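What follows is a set of notes on a single structure, which appears directly below.
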Amino acid sequence: MGLRGSRVWLITPGEALAPYVHAIALRRPDPAAPPPPQEQGFPAHLFGALTIVSAGSLMDAESGQALAPLEFSGPRLRPVRRSYGGEPAVSTMLFKPGVLPWALNEPAVRWVDHREALVGQFPMIDGQALLRGLQEPVSLARQVWHLENWVQGWLQGVASRRPWSAPVLPTDPLPTDVDTWARQQGVSARQLQRLIQRHLGAPPKRVLRLLRLHQGLKALERQPRMRRAADLDDLALRLGYCDASHMRREFQSLAGLKTQALLPALHNSPLPWIYQPGDLGSH
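Residue numbers for the sequence shown follow full-length UniProt numbering, beginning at 1 and rising by one.
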C-alpha cells in the first residue's frame, strides 16, 4: 500500500470495483505527521465521489458550510477549495466518469458542480451502515475493506438492474478539438455532443480541457525540474496547448493555481484523480 503525501493514502480499488472506481483517497489522523493544511484546493475534474467525514470537519472554504458526514458529489467544472476543522478523518471513493449518475439513475447534468447529502435524500441506500463502520478507530486495512465492501454491494445491486456501459474517452495523445474527437469515434460532432452530455453532463469541449489539464498536472508532478521557459513551452505544445501562456491561463482557470504554485501543492496535497491505478498503492 503506497503512502503519498502527509496523512493521505491513495489506493487502487480491488478487482471487483475496478470497472467503477478510479481510486480511494483516505485522510487519516497521524500525530507524527505535519498538521493538515488549513485550506486545500481541488482542480476541476470529471469524477464523481462519495465522501465520508468520520471525524473532524470538512468545509467549503468559500461559504464556510460544513460538508455532511456522507455526501455524493459530481464532476467539477471549476476549482473548489476546502478547509479542515479539528483532526479530520475523510474517506473518498472516487468514481470513474459517468458512474455516479448511472448508479443513482439520474441525469448526468444534474450532478455537474453539485453535491448532496446521502442520508435522508436517498432512502434506498443504507448510508448509516457505512458511516457506523468508519466512525470507530479502525486499522487502515479494515477501513478500506469496510468502504469497498459497502460500495461493492451497492454497485453490484445497481448493475444487476442496469448494466454499466462506460463512456469512451480519448486517450493520449488527446485530439486537438471536438471535430477531431468525433472523427476518431466515427460520429458527427453533434452526435458526440449528445453522447458525452448524456454520460457526463458536460460538453465535449470542456471534457477535452479537463483531460488536458490533468495530463498537465501529472506531467508537472513527474518533471519537477522544469524551470526554464523553454521547458514549459515544450510541455505545453506536447499537451496540445497553443503555447505556455495558453497552458498557464488554463491552469489558472481550471486548477485555481499558477503553474509555479502547482508543484508544492501537488506534493503537499496529492490529487488522486491525476493518477492511473498502476501509480497507486494496492492492498
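Glycine included, every Cβ here is placed at the ideal spot set by N, Cα and C. Just so you know, these numbers come straight off a predicted model, no measurement behind them.
- Contact check for Ser-91 against Leu-192 fails: the beta carbons are separated by 8 angstroms or more.
- Taking the Cα of Leu-169 as reference, the smallest distance to any Cα among Trp-150, Leu-210, Ala-23 and Gly-56 is reached at Leu-210.
- The Cβ neighbour count for Glu-136, taken over all protein chains shown within 10 Å, is under 16; the residue is labelled exposed.
- Rounded to the nearest angstrom, the Cβ distance from His-199 to Ala-66 is 31 angstroms, too far for a contact under 8 angstroms.
- One alpha carbon belongs to Arg-162, the other to Gln-38, and they sit about 41 angstroms apart.
- With contacts defined as CB atoms closer than 8 angstroms, Pro-167 and Ile-125 fail to qualify as a contacting pair.
- The Cβ atoms of Gly-48 and Phe-95 lie closer than 8 angstroms to each other.
- Burial of Gln-143 is indicated by the presence of at least 16 other C-beta atoms within 10 angstroms of its C-beta.
- For Trp-9, the uninterrupted beta strand (DSSP E) segment begins and ends at 8-11.
- Rounded to whole angstroms, the separation of the alpha carbons of Met-59 and Lys-218 is 26 angstroms.
- Following the DSSP letters along the chain, one finds Asp-60 inside the beta strand (DSSP E) bounded by residues 48-60.
- Assignment of Val-178 by DSSP, reduced to helix, strand and coil, places it in the helix class.
- Close CB contacts of Gly-41 within its chain, under the 7 angstroms cut and outside five residues either way in sequence, are with Pro-79, Arg-81, Gly-256, Leu-257 and Ala-265 (chain order).
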